[in-house]
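Undergrad:
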Amino acid sequence: MSKAKKSPLSHNIAFGLVVAELRRGRRMSQDRLSEAANFDRTSISLLERGLRSPTLDTVICLCRALEIPYSQLAALVEKKLEELP
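Residue numbers for the sequence shown follow the numbering used here, so the first one is 45 and each next one is one higher.
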């Protein structure tokens, strides 16, 4: 079964959607997540909207702030990618 390759933009969108869903599920504001991850709120907003590509350091900091293993975040992003048109 071959899957069509998704663009890097699709990956950014999927990542952002997952981060936003996880944040909301924990009843965290963007401000609270930004404080926990040591980022400014604008960075969180850009990531959640898929307008910024996360670095590995960013992903690790977000995993810690959201209290989720990296592997679980990666799996959620992969699943979200499959759902995108």
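From the three backbone atoms N, C-alpha and C, an ideal C-beta is built for every residue, glycine too.
Rounded to whole angstroms, how far is the Cβ of ALA109 from the Cβ of LEU61, which I believe are closer than 8 Å?
TA: The pair is not a contact, with the Cβ atoms about 17 Å apart (cut-off 8 Å).
Undergrad: Of the choices ILE88, ALA81 and SER51, whose alpha-carbon is the least far from that of ALA64?
TA: ILE88
Undergrad: Out of LEU91, ARG68, ALA81 and CYS107, which one is the CA nearest neighbour of ALA58?
TA: LEU91
Undergrad: Might you give, ordered along the chain, the residues of its own chain that have their beta carbon closer than 8 Å to the beta carbon of THR99, omitting 5 neighbours on each side?
TA: none
Undergrad: What did DSSP end up calling ILE104 once you bin it into helix, strand or coil?
TA: helix
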